[in-house]
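Notes follow the structure.
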Amino acid sequence: MLVAIGTHNKAKTSAVEKVVRTYFPQANFIHINVESGVAAQPLSTEETRQGAINRAKSTLQQTEADFAFGLEGGVQRVDDELYCCNWGAVALKDGTVISSAGAQFVLPIEVANEVWAGKELGPVMDAFAKKENTRHHEGAIGIFTNGLINRQQMFEHIVTLLVGQIIYLTSFSNVFVPKA
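Just so you know, we're using my numbering here: the sequence shown kicks off at 536 and counts up by one.
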């Protein structure tokens with residue numbers, strides 16, 4: 536079974552590989568960079584979801600994969616606060632696309648103000664935390680939960696939701712899922 540992941544981001548690829556291997560131990564993986572088709576910093580849950588779907592579909596089109604995953608992080612305004620939101624999607628060979636969302640958490644006002652001013656969250660977090668490539672490691676969630684959950688773990692939850700839906704669909708429909 537070939538599983539494609541539409542990014543080279545370490546937190547995202549590690550999340551997909553860890554979860555998929557749990558349920559499909561013989562899976563092989565490829566990572567390709569694909570565009571999300573949305574803004575570099577998605578500013579709503581709808582835009583973030585669409586970015587994940589676009590990545591999954593594009594990854595499937597560019598590979599011979601059985602499943603193709605797209606994961607996207609964004610932000611959304613709730614009242615006067617800015618929350619991180621995270622979405623994932625998987626595209627199957629038969630054209631089925633499944634999406635799921637994960638954790639949401641509020642950003643401190645000093646970080647939110649930078650994003651509202653037009654900056655992308657990743658570089659803002661690097662400056663805030665005085666680190667490099669936080670989006671590939673702990674992410675904003677790791678910093679603002681004091682390390683209790685990191686970005687990979689956050690995406691593992693989303694990928695688990697997606698894999699669970701794939702398994703469910705194969706139990707009750709004719710959706711193609713290769714044997715592990």
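Glycine is no exception: its CB is placed at the ideal position from the N, C-alpha and C atoms.
Every value quoted in this text rests on a predicted model; they were computed, and no experiment measured them.
Query	Result
So the candidates are 595, 705, 607 and 699; which of them puts its Cα closest to the Cα of residue 574?	607
Taking its Cβ as the centre, do 16 or more other Cβ atoms sit within 10 Å of residue 701, making it buried, or is it exposed?	buried
Compute the Euclidean distance between the alpha carbons of residue 593 and residue 538, then round it to the nearest angstrom.	13 Å
Can you check which of these residues, 552, 605, 705 and 622, is closest to residue 629 by C-alpha distance?	705
Tell me which residues share the same chain as residue 585 and place their Cβ nearer than 6 Å to its Cβ, disregarding the 5 neighbours each side in the sequence.	573
Taking 7 Å as the limit between beta carbons, can you name the residues of its chain near residue 655, skipping five residues before and five after?	575 and 576
Assign residue 617 to one of two classes, buried (16 or more other C-beta atoms within 10 Å of its C-beta) or exposed (fewer than that).	buried
Quick one, which of 635, 563 and 642 has its alpha-carbon nearest residue 600's?	563
Which runs of the alpha helix (DSSP H) fall wholly inside the segment 539–589 and span at least 4 residues, in chain order?	545–558
Counting only the same chain and skipping the five closest in sequence on each side, list residues whose C-beta sits under 6 Å from that of residue 714.	Caution applies to residue 714, whose pLDDT of 46 falls short of 50 and renders its modelled position unreliable; the model cannot decide the point.
Flag this pair as yes or no: are the beta carbons of residue 697 and residue 625 separated by less than 7 Å?	yes
Relative to the alpha-carbon of residue 651, which residue among 540, 568 and 578 has its alpha-carbon at the smallest distance?	578
Pull up the CB-CB distance for residue 699 and residue 605, whole angstroms please, since I reckon it's below 8 Å.	Between residue 605 and residue 699 the Cβ distance is about 17 Å, and since that is not below 8 Å, they are no contact.
One question on the structure: do residue 613 and residue 590 come within less than 7 Å of each other, judged by their Cβ atoms?	no
Looking only at its own chain, which residues have a Cβ that is under 6 Å from the Cβ of residue 547, when we skip the five neighbours before and after it?	606 and 690
Could you tell me the distance, in whole angstroms, from the CA atom of residue 567 to the CA atom of residue 559?	20 Å
Considering only the alpha carbon of each residue, which of 649, 680, 675 and 588 lies closest to residue 627?	588
Taking C-beta to C-beta, are residue 670 and residue 682 nearer than 7 Å?	no
Are the beta-carbon atoms belonging to residue 635 and residue 693 less than 7 Å from one another?	yes
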